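Residue numbers (this note's numbering), protein chains in the order written: chain G, 174 to 617; chain C, 165 to 461. We put the beta carbon where it would ideally sit given N, CA and C, even for glycine. For clarity, every value in this text was computed on a predicted model and none was experimentally measured. Contents: one structure, followed by commentary.
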């Protein structure tokens, strides 16, 4: 076990698929960024290595949850050494790509240091219990990094090396600590509540917000508001398992994001809208899956819903989420609108694109029914692939649509048709799942 | 003749290359308590999931409460209570909040019964779900399944994690539920000693096929245990009588046999082997290996 502890975990269908799909895209992105100068290259190299590290973190999380992992002698140390070795190889490879790019590049050792730091950070956020709660902060840090930091990164190599080394150490230390592995062993797959919006219920310091009186007794009459086949009531009930704190965090995140981007950068608003939409899609697709997931598996057996009702609720939930998302983002949108009323056009297009691609993100997260297809690793890779396609489409629609279709009415028609088409496809896909698949997992 | 609650015809369920249920044809009527028994991976959980429509047949038909399981609607599902083998709940809620949440989906949720059951099973409604022990989570699932006053209750290993006191209370409770609600209960369990005193019908699965489907009393009448004691000479290593189903020669002069009562003549056996025979009824744990063997043959 001491040799190949981490590599053995990587060589599985999800790892091979990740290497086969993501790495070629990453290399293309690196070459593209290299041609655009050293700052862009450092930024993209950091992003690529973050995703690679995050995949490694997911793999290690699965391994750490194995009941035997905690007791394996020197297991953590072996994993840490091999993980760091892999990181060094990847960082060196990224630095080599930078050196091979035709445009002047940042020093290779600087690129490698930043790449290794983001690689470590990606793993730490996934592996450390509760680390995903910091993902919004990491995202904002990345946006700030790409806006403000690249030039000083290149111009101050000593500081950059020091900071990168500190970040790497600070990330890897908690990720491979005994506490991480102990907690992971205690939180089994059935209790998995990992999602940046729902948080980890195993975190002792996270405040608990109770809704209503705890422990309803016989005195509190059951009003049974969700009885019957009303889809609307079903959707409302599906939001109920979301913690109130999740909504507050989403709200805080959106406001924090706009503040960090800076309302003074409104001259280049479309790219900002682009990044806001990216955050929306990523965050809300995770939130939707997590909340509807509470109705899946064994819990689904406890709800007296027909398959048709499950289908209707799942579809309506997909339609309702952009509205819920608007609600959460309304303070951030208000800030943008107050600063620059002309920005509302791009914002509207951005939100439309979110509505168009939202079903695709849910598709990438796996089927809402049971079945073995929904392997998390495969779903994650699909998500990355879909994210890349959607980012491209988002950019095209937000910035390119006015070039193709000049009038506002025509734009609305085009976007409306796209929304309707995507929802029709989504309905067909969900109908297939709920009509033919088992509602719970496929084990005998 | 009671209400037909579940009917399967040629029901087959495949998971890739694994066949969990193989051409199962079965009718379950109520009110009654039906014991679903079988070895590990014999298809018990899969059958229960088919009854409630969580899984769909690969081939064949399955109907619950008169409706094809694929088309079960709110009206039928509200009449079914389920205790899954590994119940999961919304982890951030307390046990009471979870019950209150579930109660909002059922038209007949009985709050008095909720309070009674929580007290009977010693379930703390204030406790956080995340902090519940496995046994307490099982108790919560039992309360959640019984409070809607369902007509059909599916229990998948409901007593496996209960302490002996809670187990005893729960099994007595089932009898009360059948009497009070005229419900049909299907209980899957490996704890045969416990369910023997409760169930009146047995369905035994083996390798995905139905090995037995009969009233428990009828099954007991079909088989008996003979304790054989030789009078003058040693007993043979193996009895060749056709009605002997299972045999254990414990000592040269003592043996324990399980026999099929049809065609078994005690006097003739005693005479043939020069032995005394003491006849004893067979209990469910004693019947189980025979039922499984029947399925295998």
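The three-state reading of DSSP puts residue 183/C in strand, counting E and B together. Proximity to residue 222/G across 573/G, 293/G, 542/G peaks at 293/G, based on C-alpha coordinates. Between residue 410/C and residue 208/C, the alpha-carbon positions lie close to 25 angstroms from each other. Closer than 9 angstroms to the CB of residue 244/C there is at least one CB belonging to chain G.
Spanning the alpha carbons of residue 244/C and residue 451/C requires a straight line of approximately 30 angstroms. In this structure, DSSP gives residue 292/C an extended state, which the three-state scheme calls strand. Leaving aside the five residues that flank residue 449/C on each side, the residues in its chain whose CB is nearer than 8 angstroms to its CB run, in chain order, 356, 357, 360. The continuous stretches of alpha helix (DSSP H) do not include residue 365/C, which lies in the beta strand (DSSP E) extending over residues 365-370.
Per DSSP, reduced to three states, the secondary structure at residue 332/G is helical. In terms of beta-carbon proximity, residue 475/G lines the interface with chain C, with at least one pair separated by less than 9 angstroms. Shown here is that no member of the stretch 347-358 of chain C has a Cβ falling below 7 angstroms from a Cβ of chain G. Taking the CA atoms as reference points, residue 456/C sits about 15 angstroms from residue 352/C. Judged by DSSP secondary structure, residue 377/C falls within the beta strand (DSSP E) whose first and last residues are 373-379. Proximity of chain C to residue 576/G at the Cβ level (cut-off 8 angstroms) is not reached, the minimal Cβ distance being about 48 angstroms. The alpha-carbon separation between residue 218/C and residue 211/C amounts to approximately 10 angstroms. Distance from residue 298/G to residue 234/G at the Cβ level is roughly 11 angstroms; contact not present, criterion being Cβ atoms closer than 8 angstroms.
In the structure shown, residue 233/G adopts helical secondary structure according to DSSP, grouped into three states. Here residue 167/C carries a strand assignment [DSSP, helix/strand/coil]. Fewer than three Cβ pairs drawn from the stretch 262-275 of chain C and the stretch 215-235 of chain C lie within less than 8 angstroms of each other, which leaves the two stretches out of contact. Residue environment: residue 475/G is assigned as buried (16 or more neighbouring CB atoms within 10 Å of its CB, all protein chains considered). Residue environment analysis places residue 253/C among the buried positions, since at least 16 neighbouring C-beta atoms fall within 10 angstroms of its C-beta. Pairing residue 204/G with residue 274/G gives a Cβ-Cβ distance under 9 angstroms. The three-state secondary structure of residue 408/C, taken from DSSP, is strand.
By DSSP's assignment, residue 387/C forms a beta bridge with 424/C. Secondary structure of residue 197/G (DSSP, three-state): helix. Within chain G, not a single residue places a beta-carbon under 9 angstroms from that of residue 439/C; the smallest gap is close to 45 angstroms. When the Cα atoms are used, residue 298/C and residue 329/C turn out to be separated by approximately 16 angstroms.
Contact check for residue 290/G against residue 336/G passes: the beta carbons are separated by less than 9 angstroms. Residue 427/C and residue 407/C have their C-alpha atoms spaced approximately 7 angstroms apart. Within the DSSP secondary-structure output, residue 413/C pairs in a beta bridge with 419/C. Residue 257/C has its alpha-carbon roughly 34 angstroms from the corresponding atom of residue 362/C. Here the C-alpha atom of residue 221/C lies approximately 13 angstroms from the C-alpha atom of residue 180/C. Listed along the chain, the chain G residues whose CB falls inside 7 angstroms of the CB of residue 236/C are 479. Contact check for residue 310/C and residue 287/C: beta-carbon distance about 12 angstroms, past the 8 angstroms limit, so the pair fails to qualify. Within chain G, the residues 477, 478, 479 have their CB atoms less than 7 angstroms from the CB of residue 241/C, given in chain order. Taking one beta carbon from each stretch, the stretch 606-615 of chain G and the stretch 476-487 of chain G have 3 or more pairs nearer than 8 angstroms; the two touch.
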